[in-house]
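First residue of the sequence shown? That's 3 in this note's numbering, and the numbers climb one at a time after it. Input: a single structure, listed below in structure tokens.
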Amino acid sequence: MKSKSKEAIVIIGGGPAAMMLACTLDPILFDVTIVEKGKAIGRKFLVAGKGGFNLTHSEDIDKMIEKYEGPKSLLDSLSSFTNNDFRHWLSSIGIETYIGSSKRVFPVKGIKPIAVLRAIKKEIERKGITLLKETLWYGSFIENSSIQLLHKEKKISLKADKVIFALGGGSWKITGSDGCWLPHFKKNNVATLPFRPSNCAMCINWPENMKVHFGKPIKNIALTYNDTYIKGEMIVTKHGIEGSPAYALSYYVGNELESKKSITVFVDLKPSLSLEKVNSILSKSYKKISKLLRDELSLSSTAVALIKSATTREEFNDVKLLTHCIKKLPLSIIGLEKIDNAISTVGGIKSTAMDKHFELINFPNHYTIGEMINWNAPTGGYLLQGCFSMGYTLGKYLNKEHQI
Ligand SMILES: Cc1cc2nc3c(=O)[nH]c(=O)nc-3n(C[C@H](O)[C@H](O)[C@H](O)COP(=O)(O)OP(=O)(O)OC[C@H]3O[C@@H](n4cnc5c(N)ncnc54)[C@H](O)[C@@H]3O)c2cc1C
Numbered sequence: 003m004k005s006k007s008k009e010a011i012v013i014i015g016g017g018p019a020a021m022m023l024a025c026t027l028d029p030i031l032f033d034v035t036i037v038e039k040g041k042a043i044g045r046k047f048l049v050a051g052k053g054g055f056n057l058t059h060s061e062d063i064d065k066m067i068e069k070y071e072g073p074k075s076l077l078d079s080l081s082s083f084t085n086n087d088f089r090h091w092l093s094s095i096g097i098e099t100y101i102g103s104s105k106r107v108f109p110v111k112g113i114k115p116i117a118v119l120r121a122i123k124k125e126i127e128r129k130g131i132t133l134l135k136e137t138l139w140y141g142s143f144i145e146n147s148s149i150q151l152l153h154k155e156k157k158i159s160l161k162a163d164k165v166i167f168a169l170g171g172g173s174w175k176i177t178g179s180d181g182c183w184l185p186h187f188k189k190n191n192v193a194t195l196p197f198r199p200s201n202c203a204m205c206i207n208w209p210e211n212m213k214v215h216f217g218k219p220i221k222n223i224a225l226t227y228n229d230t231y232i233k234g235e236m237i238v239t240k241h242g243i244e245g246s247p248a249y250a251l252s253y254y255v256g257n258e259l260e261s262k263k264s265i266t267v268f269v270d271l272k273p274s275l276s277l278e279k280v281n282s283i284l285s286k287s288y289k290k291i292s293k294l295l296r297d298e299l300s301l302s303s304t305a306v307a308l309i310k311s312a313t314t315r316e317e318f319n320d321v322k323l324l325t326h327c328i329k330k331l332p333l334s335i336i337g338l339e340k341i342d343n344a345i346s347t348v349g350g351i352k353s354t355a356m357d358k359h360f361e362l363i364n365f366p367n368h369y370t371i372g373e374m375i376n377w378n379a380p381t382g383g384y385l386l387q388g389c390f391s392m393g394y395t396l397g398k399y400l401n402k403e404h405q406i
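Shown next, in the form of structure tokens:
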């Protein structure tokens, strides 16, 4: 097959979406440069590795896709580069993975996050890709087949037939993903939305009695908001609640908080027992209520304090009302934690600004991928999978499109 003459592709931003794109582009067709404003690429990827390093999730891809909210191009990319494809690709570069009890996918024991990053960087090197660090994109678009950048504060011009922006979201500024690029797009009439935290803690105005419990977990609970019910562990903090169920609900709660001062989520403190079962356990014993909660329902002192903080004395001493509280304890959420501490952000480039191949409608030959696009998914591997899938799918598309 014949192809056009070799083109210059400049990828701006050095996160997972950019790295995967660079690894997928055909070096015979393109001269590829990754431009990164920091001194190293993949810094947020390494931060993700500090907690549980969930590279992806193992659930059936159709079920997995249901957890994403975002443009069709993102959902299509997940179908064309699935969680299994991602695991095979990682294996092909020497990173074996395993499925944990949570169904999340991790590198096998002994492989540290830095080793995963090194393996990807080795692949980038093998492809002959140029890496230009300490180079900032400050708002220029392709003009006369080149793009203007700032390298160590000096203006430089790079040959560019296509530019792919992979600038990340707006949290964890220390990693370089500061979202400072957003006004440049807005100014150029590319539709954007302000950033908002997601996968983050939720704020509660705690009463005095909860202060001694700050930092303590309440295990085996479920949080509910509207139709979303998520089991896991909740941690009581100075500001509110943290933990997987809180993170997963934060996006939906954030949507509502745009127009409301507070919203109510519900805690099921005994998801393994039905309302009837809890009621019968509490009705059968004559022990003091607090002791009963601890001895018969194995609730921790933090869980008991939480019930007390949300109930009146009458409710606490009435078995029927108390049962309802244990199964559906209301918590008033007054906000989300500050954006810089959030695992991810929503906002950024709106889906209406681009076509089905991530190309900006107002700026042909300019594409956007990764967390800089407005989409949401829970933490636990979904975010990285989304970024890697977009990078891979765009790479394959550009390779194909280049063929005559
Ligand atoms: C604490 C934490 C834990 C996480 N854990 C997980 C997890 O376990 N599983 C999971 O799936 N996801 C996790 N994530 C989310 C995941 O890390 C991100 O979704 C992912 O890194 C986003 O990738 P990206 O390629 O879009 O951009 P980023 O990784 O954010 O990279 C963007 C890059 O662009 C560069 N850049 C920005 N502006 C400019 C500019 N103007 N010029 C040049 N360069 C620029 C930045 O310096 C940065 O290096 C976690 C995130 C955090 C913060």
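Ideal Cβ placement from N, Cα and C applies to all residues, glycine included.
If we call anything under 8 angstroms between Cβ atoms a contact, is residue i one with residue j?
i    : j    : result
G170 : M204 : no
A19  : A168 : yes
N211 : K290 : no
L323 : L271 : no
I131 : A24  : yes
A162 : I220 : no
N281 : T314 : no
N228 : P273 : no
F216 : T239 : yes
A42  : K135 : yes
D33  : K6   : no
L386 : T58  : yes
I11  : V37  : no
L146 : N364 : Note that residue 146 is Asn in the sequence shown here, rather than Leu. In this structure, N364 does not lie closer than 8 angstroms to N146 by Cβ.
W183 : W139 : yes
For residue i, which three-state DSSP category applies?
i    : result
P199 : strand
G397 : helix
K358 : coil
K41  : coil
C205 : strand
E235 : strand
S157 : Residue identity check: residue 157 is Lys in the sequence provided, not Ser. K157: strand per DSSP, three-state reduction.
P332 : strand
G256 : helix
K52  : coil
P115 : helix
H215 : helix
Y100 : strand
G388 : helix
K129 : coil
F167 : strand
L134 : strand
V269 : strand
F32  : strand
I363 : coil
E278 : helix
Between residue i and residue j, what straight-line distance do the alpha-carbon atoms span, to the nearest angstrom?
i    : j    : result
F47  : G372 : 12 angstroms
I101 : V107 : 5 angstroms
A379 : P73  : 12 angstroms
S300 : S252 : 28 angstroms
S292 : I206 : 24 angstroms
L76  : R120 : 26 angstroms
S104 : G383 : 11 angstroms
I328 : T226 : 13 angstroms
H153 : I341 : 28 angstroms
T35  : M22  : 13 angstroms
W377 : G350 : 9 angstroms
I144 : T370 : 14 angstroms
H368 : V110 : 37 angstroms
F88  : G178 : 25 angstroms
N86  : I63  : 8 angstroms
F83  : E403 : 18 angstroms
T230 : I176 : 32 angstroms
K189 : L400 : 27 angstroms
E71  : Y249 : 15 angstroms
S79  : L396 : 8 angstroms
I158 : H186 : 18 angstroms
E127 : S264 : 50 angstroms
L284 : K65  : 38 angstroms
Y254 : P247 : 12 angstroms
G17  : K218 : 34 angstroms
Could you check whether the Cβ of residue i sits closer than 7 angstroms to any heavy atom belonging to ligand 2?
i    : result
T177 : As for ligand 2, it is missing from this structure, which binds only ligand 1.
(message) Closer than 8 angstroms is the cut-off here; do at least three beta carbon pairs connect the stretch 194 to 201 with the stretch 339 to 349?
(response) Between the stretch 194 to 201 and the stretch 339 to 349 there are three or more C-beta pairs closer than 8 angstroms, enough to call the two in contact.
(message) With three or more C-beta pairs closer than 8 angstroms as the rule, is the stretch 357 to 372 touching the stretch 385 to 393?
(response) Touching, yes.
(request) Inspect the CB distances between the stretch 326 to 339 and the stretch 255 to 268 and report whether three or more fall short of 8 angstroms. (result) yes
(message) I'd like to know if the stretch 111 to 127 and the stretch 84 to 101 are in contact, where contact means that at least 3 CB-CB pairs between them fall below 8 angstroms.
(response) yes
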